[in-house]
Every structure is written in C-alpha cells, then in structure tokens.
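J.: Chains as they are written, first to last, in my numbering: chain A, 29 to 42; chain B, 326 to 582.
I'd like to ask you about the structure that follows.
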C-alpha cells in the first residue's frame, strides 16, 4: 500500500 | 507600467490550458526579467512553476515589480474571445487592481480589450532545492501523454522504473497489470522523436496518474517532455515553451504506508 506525500514536505517555505 | 505583447494568442491559450486544471487562481509575478508563476494545486500534492522570459515577448516593459493575482477561469473566458493568430497584449498600471488584455487581428482591423479584476492571493512561495537527479528521461510529449492516459485505466498509480536500458511505466489494478517499456532510441532522423535517458543510478518511483494526466495538458506547448527523477523526491515534468520559457510540474511521490 502506498500513500500520497504532500509537496510541502519536500520544499521549504520561502 | 507593465506591458507584455505576444505575436500569437494561441501560446497564451495553451499555457492557460496547461495550468487551469490544477489551479483555480494564481499570481503572475512580473519583473524586468519576465513573468513567473509558482503555485501548488488545491490538495498541495503538486507544484506548477511557469517561467516566461522577457526576451521571448514581442514587446516587454515592466517598470516596477508587479504581482497580479488572477482567477484562471476568468482569464480562460477572456482568452476564448481571441483568435489564435491575434496579437495579445497584457497591460497594467503600477499598483493597479485590474489588468487589461487586448487582442488585435493580424490586419489590425479588429481590436478588442478586456479588463479583468485582479485578486489579492495569499500564496506561499516554496524554495525548490537543487537536486542531482538519478535519471533524466527525454521523450516525445505525445508519447508520454498517451502512456499516462492508457495506464490511468488500470490504476490510480503508475510506477516509473528507469534503468540504463530504458524506462518502464507500470500500472496494476483489478483488471490486471499493464507495462509499457520504452528503450532509448538509437539514431533518429527527428530529434523530437527521440527517447534519451541520462542515468546515474536506477530509480523506481510511484506517482498518482491523476496529476500526471493533468500535466500532459501542456503537451501542445512542446514536442518533447523531460522527466527528472530521484529516490524520495518529487518528480519534475518539464515542457519547454519555444523561445519563451518553460513550464515545470513537481509531483510528490507516493510512498510506502
């Protein structure tokens, strides 16, 4: 089973 | 004063088609280097990044940096009113709360202008780190669109496996399993038909078909698409916009639960 990751866990907030 | 003019409205129509399924609204950041847009889709799974260089426009003037928040549905309505061959000019005063979009027919006998209200969008900008990707695949954009469309029938997810031999797209569901393998092309007459793989190390990643299919709405912009992959980081799907810039989509992978 896989779950969808969110994009914000990879990129930092500017 | 901001003013940007493109020779053909069709380019702008294609750009809007490439983003409007993912984004309801977006901020166009204008500076003397061009127009930038960065926005996450509503569910914060993917990120769209659009770059249009000022030197790609027929005319470009931007005296002061300007952020124009636009409702993309409204913009689509306006662009529907343009013929593909029309010139298109976007204009805004400094600190304005509207943008004017003007279309001129090639013979200049028909001129129409549309004033659209701008929005104050509270959008977060994300810093995208430089990544040394394990695999970079370049392939015909139409082929990628076809594969995403075909595999979406079988599963919500597609597994992309890239080795030096080629790239394999797989989907598995109630019907069974589908595998599509593309080998790196040897010599091709036309560059746009080539499949080229640059591999540092093999990589296997799982992505949601729904987003990949949304990205392929950019297919009319480019003959080739570039997929950049690395374990445990977002996929980058890039379409070049000839002589003007590019659109990049970042998609977070699906991970083991």
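Here a beta-carbon is modelled for each residue, glycine too, at the ideal position from N, C-alpha and C.
Give a yes or no on contact between the segment 453-470 of chain B and the segment 551-568 of chain B, applying the rule of three or more CB pairs nearer than 8 angstroms.
T.: yes
J.: When Cβ atoms are compared, which residues of the segment 342-373 of chain B fall closer than 7 angstroms to chain A?
T.: Residues 365, 369, 370, 371 and 372.
J.: What's the gap between the Cα of residue 504 of chain B and the Cα of residue 512 of chain B?
T.: What you label residue 504 of chain B is simply residue 179 of the second chain in a count that begins at 1. What you label residue 512 of chain B is simply residue 187 of the second chain in a count that begins at 1. Each residue's alpha carbon lies about 24 angstroms from the other.
J.: Just tell me which of B:465, B:331, B:417 and B:467 has its CA closest to the CA of residue 443 of chain B.
T.: Taking the second chain and counting its residues from 1, the one referred to as residue 443 of chain B is at position 118. Selected option, being the one with the closest Cα: B:417.
J.: Would the segment 347-358 of chain B and the segment 391-398 of chain B be scored as touching if the rule is three or more Cβ pairs under 8 angstroms?
T.: These segments touch.
J.: Shortest alpha-carbon distance to residue 330 of chain B belongs to which of B:555, B:538, B:564 and B:378?
T.: Position 5 of the second chain, counted from the first residue, corresponds to residue 330 of chain B. Closest option to residue 330 of chain B, judged by alpha-carbon separation, among B:555, B:538, B:564 and B:378: B:378.
J.: Given that a residue counts as buried once 16 or more other Cβ atoms are within 10 Å of its Cβ, and exposed if not, what is residue 516 of chain B?
T.: Walking along the second chain from the start, residue 516 of chain B turns up at place 191. Label assigned to residue 516 of chain B: exposed.
J.: Using 10 angstroms around the beta-carbon of residue 474 of chain B, count the other beta-carbons present and answer buried if the total reaches 16, otherwise exposed.
T.: Here residue 474 of chain B corresponds to residue number 149 of the second chain, with the count starting at 1. By the 10 Å Cβ count, residue 474 of chain B comes out exposed.
J.: Please confirm whether residue 531 of chain B has its beta-carbon closer than 8 angstroms to some beta-carbon of chain A.
T.: Stepping through the second chain from its first residue, residue 531 of chain B is reached at position 206. It does: the Cβ of residue 531 of chain B has a partner Cβ on chain A nearer than 8 angstroms.
J.: Taking only beta-carbon positions, decide if residue 512 of chain B is within less than 8 angstroms of chain A.
T.: Against the second chain, residue 512 of chain B aligns to sequence position 187. Not one chain A Cβ lies under 8 angstroms of residue 512 of chain B.
J.: With residue 378 of chain B as the anchor, note down where its beta strand (DSSP E) starts and where it stops.
T.: Position 53 of the second chain holds residue 378 of chain B. Element bounds for residue 378 of chain B: 371-378.
J.: Hey, how far is the Cα of residue 421 of chain B from the Cα of residue 529 of chain B?
T.: Numbered from 1 along the second chain, position 96 holds the residue referred to as residue 421 of chain B. Numbered from 1 along the second chain, position 204 holds the residue referred to as residue 529 of chain B. Distance between the alpha carbons of residue 421 of chain B and residue 529 of chain B: 48 angstroms.
J.: In this structure, does DSSP put residue 34 of chain A in helix, strand or coil?
T.: Here residue 34 of chain A is taken as the residue at index 6 of the first chain, counted from 1. Coil at residue 34 of chain A, not helix or strand.
J.: Any idea if residue 487 of chain B is buried or exposed, counting beta-carbon neighbours within 10 angstroms, 16 or more meaning buried?
T.: What you label residue 487 of chain B is simply residue 162 of the second chain in a count that begins at 1. Counting Cβ neighbours within 10 Å, residue 487 of chain B comes out buried, since at least 16 surround it.
J.: How close, in whole Å, do the beta carbons of residue 500 of chain B and residue 462 of chain B come, if the pair is a contact with beta carbons under 8 angstroms?
T.: If you number the second chain from 1, residue 500 of chain B lands on position 175. If you number the second chain from 1, residue 462 of chain B lands on position 137. About 26 angstroms separates the two Cβ atoms, so there is no contact after all.
J.: Give me the residue from B:413, B:485 and B:380 with the minimum Cα distance to residue 527 of chain B.
T.: Start at 1 with the first residue of the second chain, and residue 527 of chain B comes out as number 202. Comparing Cα positions, the closest option is B:485.
J.: Going by DSSP in three states, residue 453 of chain B sits in which element: helix, strand or coil?
T.: Translated into the one-based positions of the second chain, residue 453 of chain B becomes position 128. Here residue 453 of chain B sits in coil by DSSP.
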